[in-house]
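Residue numbers (this note's numbering): 1 to 469.
From the three backbone atoms N, C-alpha and C, an ideal C-beta is built for every residue, glycine too.
Shown next, in the form of structure tokens:
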């Protein structure tokens, strides 16, 4: 009797294992093409950000004793585009003493990034804004160049990745029964060798992959824009900036982000911008001084901005001078030094001085995780991201190899695990996975669509049943 009970229990555990394996297989089938694309484009972004720079700012110059006035540099940049109709809207300070300054120049609806030698005020290079290799990789990484549809697809893939990781960790735990054993691949041959590497690599990268998925989808259109970002926005009234102005004012993201490119810290994107011409604010620049690039830049240095930082000129009569420095924009290494300062263009008063310590807990998580995600924490994080991206690509390749080695000769279709075996739903595992899916709407929607397809088509049409079941 005891032997029979043990046998039945073993068979039940085996069926549960096969059930979760099947879920893991289908989740991997859906998400690995997207994860591979993200890993490849992520590697490209790391490469170009650290060789040419996001805005082509890593051009070297010969340091000299005297730096030309910013107004002279800005005029050289403007004249290089169109001396009659162009205007300078942004200044990016040099990253180092031997690198160029960069100006964004707008002309007839088009933006050009102009690199200027700060010692001679000579134009070194010009490039259309957001048209370099870095931005091409970024666009593919963000929405596969498909707009909102691509954004939703990648958000769905990231959400389902969380389910794939959880199910994969369970499968490997059953095989290895210990964290240390999960991290160290045992010896094996043929398919077992690939399985062992697949499981161990997956264990090593699982937590980072979960972190990357969370930080990525927090900036996606549905879970990010409609849910967490909406309740995480910054309290605009903290420094006396009216939280409910009489007229609708644009947000930080609308004013400072340029199209798809994210330049504003995540937590500030939906926060209304302060406006010039009010009576609020703290003492800043002496109102008797002319509000020029030199004046604002000197003030930025006086209040603590060092090295590379960004200076955005006021837009329109209500616009403000904005000083910003954050790791997400490759300004500096530490996300804990994030800072955004808004200055009234008329009174010179500081309307807001927003620092990392002012962020709420999720805003701090996003600032730190995005820096890790983008590899902006120094060379060690660049190398760590390279290893991580290669590991993700290897996990996809090893999964394909395992599938091919398991696939019977002459088999038709995708040949999922436990093919043609009717497996029960293991609710003890299914419910937690569904709970995870409930947190991410696109994952729940994808599961619902797959269930409908399975119920209405795959299970009813013999050809499809042979291919997918």
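- For residue 136, the secondary structure class from DSSP, reduced to helix, strand or coil, is helix.
- A distance below 7 Å separates the beta carbons of residue 123 and residue 76.
- Counting only the Cα atoms, residue 163 lies some 28 Å from residue 360.
- Annotation note: the segment 148–229 contains the following uninterrupted alpha helix (DSSP H) runs of length 4 or greater, listed N- to C-terminal: 148–176, 179–183 and 190–217.
- Cβ atoms of residue 105 and residue 72 stay farther apart than 8 Å, at about 15 Å.
- Rounded to whole angstroms, the Cβ separation of residue 362 and residue 201 is 30 Å, and the two are not in contact under 8 Å.
- The alpha carbon of residue 219 has as its nearest neighbour, out of 376, 253, 121 and 100, the alpha carbon of 253.
- With contacts defined by Cβ atoms closer than 7 Å, residue 182 and residue 193 do not form a contacting pair.
- In this structure, residue 35 sits away from residue 386, with a CB-CB distance that is not shorter than 7 Å.
- In this structure, the straight-line span from the alpha carbon of residue 166 to that of residue 195 is close to 17 Å.
- In the structure shown, residue 323 falls within a strand segment according to DSSP collapsed to helix, strand and coil.
- Contact between the segment 319–326 and the segment 343–352 is present: 3 or more CB-CB pairs across the two stretches fall below 8 Å.
- Judged by DSSP in its simplified three-state form, residue 67 adopts coil rather than helix or strand.
- Boundaries of the beta strand (DSSP E) around residue 113: 110–116.
- Beta-bridge annotation (DSSP): residue 282 is paired with 350.
- Secondary structure note for residue 101: its beta strand (DSSP E) is the uninterrupted segment 101–107.
- Note on residue 88: 16 or more other CB atoms within 10 angstroms of its CB, so buried under the neighbour-count rule.
- Taking the Cα positions, residue 203 is about 25 Å away from residue 425.
- In the three-state reduction of the DSSP assignment, residue 369 falls in the helix class, which pools H, G and I.
- Between the alpha carbons of residue 314 and residue 291 lies a distance of about 11 Å.
- Cβ atoms of residue 99 and residue 60 come within 8 Å of each other, at about 6 Å.
- Note on residue 453: under 16 other CB atoms within 10 angstroms of its CB, so exposed under the neighbour-count rule.
- Taking 8 Å as the upper bound for CB-CB distance, residue 137 and residue 45 are in contact here, some 5 Å apart.
- Taking residue 103 as reference, the option from 293, 198 and 277 with the minimal CA-CA separation is 293.
- Non-local beta-carbon contacts of residue 39 in its own chain, meaning distances under 7 Å to residues more than five positions away in sequence, involve 389, 392 and 393 in chain order.
- Bounds of the beta strand (DSSP E) holding residue 342 are 339–344.
- The shortest C-alpha to C-alpha distance from residue 91 to any of 366, 84, 78 and 97 is the one to 78.
- DSSP places residue 459 outside both helix and strand once states are collapsed to three, so it counts as coil.
- Checking the DSSP bridge columns, you'll see residue 91 partnered with 103 and 311.
- In the DSSP assignment, residue 441 falls outside any beta strand (DSSP E) and within the unbroken alpha helix (DSSP H) covering 441–453.
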